[in-house]
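>
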Amino acid sequence: MHAIMDKTGFASDTEHDPRWAAVLARDSRADGRFWYSVASTGVYCRPSCASRRARPENVRFHASCADAERAGFRPCKRCRPDQPGLHARQAAMVADACRLIESAEQAPGLATLAARAGLSQFHFHRVFKAVTGVTPKAYASAHRARRVRSELARSDSVTAAVYDAGFNASGRFYAQAGAMLGMRPGEFRAGGANTAIRFAIGECSLGAILVAASGRGICAITIGDDPDALARELQDQFGEAELIGGDAGFERLVAQVVGFVEAPRIGLDLPLDVRGTAFQQRVWQALRAIPAGATASYSEIARAIGAPKATRAVAGACASNPIAVAIPCHRVVRNDGGLSGYRWGVERKRALLEREARK
Ligand SMILES: [Zn+2]
-4 MHAIMDKTGF ASDTEHDPRW AAVLARDSRA DGRFWYSVAS TGVYCRPSCA
46 SRRARPENVR FHASCADAER AGFRPCKRCR PDQPGLHARQ AAMVADACRL
96 IESAEQAPGL ATLAARAGLS QFHFHRVFKA VTGVTPKAYA SAHRARRVRS
146 ELARSDSVTA AVYDAGFNAS GRFYAQAGAM LGMRPGEFRA GGANTAIRFA
196 IGECSLGAIL VAASGRGICA ITIGDDPDAL ARELQDQFGE AELIGGDAGF
246 ERLVAQVVGF VEAPRIGLDL PLDVRGTAFQ QRVWQALRAI PAGATASYSE
296 IARAIGAPKA TRAVAGACAS NPIAVAIPCH RVVRNDGGLS GYRWGVERKR
346 ALLEREARK
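Residue numbers (the numbering used here): -4 to 354.
#1: I'd like the span of the alpha helix (DSSP H) that includes Val126, first residue to last.
#2: Using a strict less-than 6 Å threshold between each residue's beta carbon and the heavy atoms of ligand 1, what residues do you get?
#3: Opposite Pro70 in the DSSP bridges: which residues?
#4: Using alpha carbons as the reference points, say which of Ala86, Ala109 and His57 lies closest to Arg28.
#5: So, is Leu205 buried or exposed, given that buried needs 16 or more other C-beta atoms within 10 angstroms?
#6: Considering only heavy atoms of ligand 2, does any lie closer than 8 Å to the CB of Gly333?
#7: Buried or exposed for Gly301, please, with buried defined as at least 16 other CB atoms from any protein chain shown within 10 angstroms of its CB.
#8: Just to check my reading of the structure: Glu228 and Thr190 have Cβ atoms closer than 8 Å, yes? What is that Cβ distance to the nearest angstrom?
#9: Enumerate, from N- to C-terminal direction, the unbroken alpha helix (DSSP H) stretches of 4 or more residues contained entirely within the stretch 205 to 240.
#10: On a Cα-Cα basis, can you pick out the residue from Ser98, Ala92, Ser43 and Pro51 that is closest to Cys71?
#11: In this structure, how does DSSP classify Val54 when only helix, strand and coil are distinguished?
#12: Taking Met88 as the reference, give the member of Ala287, Arg353, Arg298 and Gly197 with the closest Cα.
#13: Which word fits Ser200, buried or exposed, when buried means at least 16 other C-beta atoms lie within 10 angstroms of its C-beta?
#14: I'd like to know if Ala195 contacts chain C, where contact means its C-beta is closer than 9 Å to some C-beta of that chain.
#15: Would Ala45 be called buried (16 or more neighbouring beta carbons within 10 Å of its own) or exposed?
#16: Give the DSSP-derived three-state secondary structure of Ser292 in the structure shown.
#17: By Cβ distance below 6 Å, which residues in the same chain neighbour Arg338 in space, the five residues on each side in sequence not counted?
#18: Look up Gly197 in the DSSP assignment and give the residues it is bridged to.
#19: Tell me which residue opens and which closes the alpha helix (DSSP H) that Val18 is part of.
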């Protein structure tokens, strides 16, 4: 009698428990938040386990593996709930591949990277892209670009820098350099002296808004109370570039950006000229994967780029984001959901998030 009552109680409690929905959905986002045991088999699983669905009356939830084991359950052999989760293993594997790319003279090919990870090339490519937001090849290029940048700053000839950074033919470097540096090598060495940057300052609901673009795309969107201060900041950021006030054509582009800031869900169909270190680029790429209406924590971004311990560096990259809203650093919040800081003021961050939360 007692057993029957227990069973009935468990079934209905389980079915009304939000964790049961995660188990039914095999939701991997719930992995690491709780575990469930199955009385009929004596094992416990992580929520995403692909094993046969248990009957709710046999299921109990546990806050930890230790809790499940104290209650007498064994770890499932299929989902290995006591081992690091799939996300953690993938992040570690991708971090290992990134280190290999960074330390190699010649960027390793996809076949080498996949074999080291023990995956097919197709699967490896997909996992790498899902974790970092870029392909292994793009990651290798970005890393090489960073080496070129630091070499250019101290080498006296562009050609020497090109060879030092491991490019086998300077023709190829020149073809790629524009995309990676945002300007041609000679210009970069001169501190951007020959780069023309057009800019204009407009008004949006969040205050004054400055939009600046090089010939390659938008390189800055900043928001503030004082238009003059925005212009001075731009000057500091692009010290040697030639800053030119926008013409009528540019005003249209600013209008498009203002429209986007007012309604981020419509998206911004303009190229960005993003300048930063390889690490910053990875963070900013990951930010761009957070859809309007959603948020992520600093540690989620750190995990997404395969650097789970780099939470502070991620926060630093968010704080140095040069392109407001289009690189949505306002969608990153503290682990407890608190707003934390925002380069352009926490009240603007709150306003943007509230706006995006409305459908
Ligand atoms: Zn399992």
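Beta carbons are placed, not taken as given, at the ideal position from N, Cα and C, and that holds for glycine. Just so you know, these numbers come straight off a predicted model, no measurement behind them.
In brief:
#1: The residue given as residue 126 occupies position 131 in the sequence shown. First-last of the alpha helix (DSSP H) with Val126: Gln116 to Thr127.
#2: Matched residues: Cys40, Cys44, Ser46, Cys71, Arg73 and Cys74.
#3: Position 75 of the sequence shown, counted from the start, is the residue given in the question as residue 70. BP columns for Pro70 point to Tyr39.
#4: For the purposes of this step, residue 28 is identified with residue 33 of the sequence shown, where counting begins at 1. Of Ala86, Ala109 and His57, the smallest CA-CA separation from Arg28 is found for His57.
#5: As a working mapping, residue 205 is identified with position 210 in the sequence shown. With 16 or more Cβ atoms within 10 Å of its Cβ, Leu205 is classed as buried.
#6: No copy of ligand 2 appears in this structure; the ligands present are ligand 1.
#7: To locate residue 301, count along the sequence shown from 1; it is residue 306. By the neighbour-count rule (16 or more Cβ atoms within 10 Å), Gly301 is buried.
#8: The residue labelled residue 228 in the question sits at position 233 within the sequence shown. The residue labelled residue 190 in the question sits at position 195 within the sequence shown. Cβ-Cβ separation between Glu228 and Thr190: approximately 17 Å, too far for a contact (criterion under 8 Å).
#9: Listed in chain order, the complete alpha helix (DSSP H) runs (minimum 4 residues) inside the stretch 205 to 240 are 222 to 232.
#10: Taking the first residue of the sequence shown as position 1, residue 71 is located at position 76. Taking only the C-alpha atoms, the option nearest Cys71 is Ser43.
#11: Against the sequence shown, residue 54 aligns to sequence position 59. Note: Val54 maps to strand in three-state DSSP.
#12: The residue labelled residue 88 in the question sits at position 93 within the sequence shown. Looking at the Cα atoms, Arg298 is the closest of the given residues.
#13: In the sequence shown, counting from the first residue as 1, residue 200 sits at position 205. Exposed is the label assigned to Ser200, since fewer than 16 other Cβ atoms lie within 10 Å of its Cβ.
#14: Absent here is chain C; the protein component of the structure consists of one chain.
#15: Numbered from its first residue, the sequence shown carries residue 45 at position 50. Ala45 should be labelled exposed.
#16: To locate residue 292, count along the sequence shown from 1; it is residue 297. Three-state result, Ser292: strand.
#17: As a working note, residue 338 is residue 343 in the sequence shown. So the qualifying residues of the chain are Ala314.
#18: As a position in the sequence shown, residue 197 is number 202, starting the count at 1. Residue pairing from DSSP places Gly197 in a beta bridge opposite Ile204.
#19: Taking the sequence shown and counting its residues from 1, the one referred to as residue 18 is at position 23. Note, Val18: alpha helix (DSSP H), Pro13 to Leu19.
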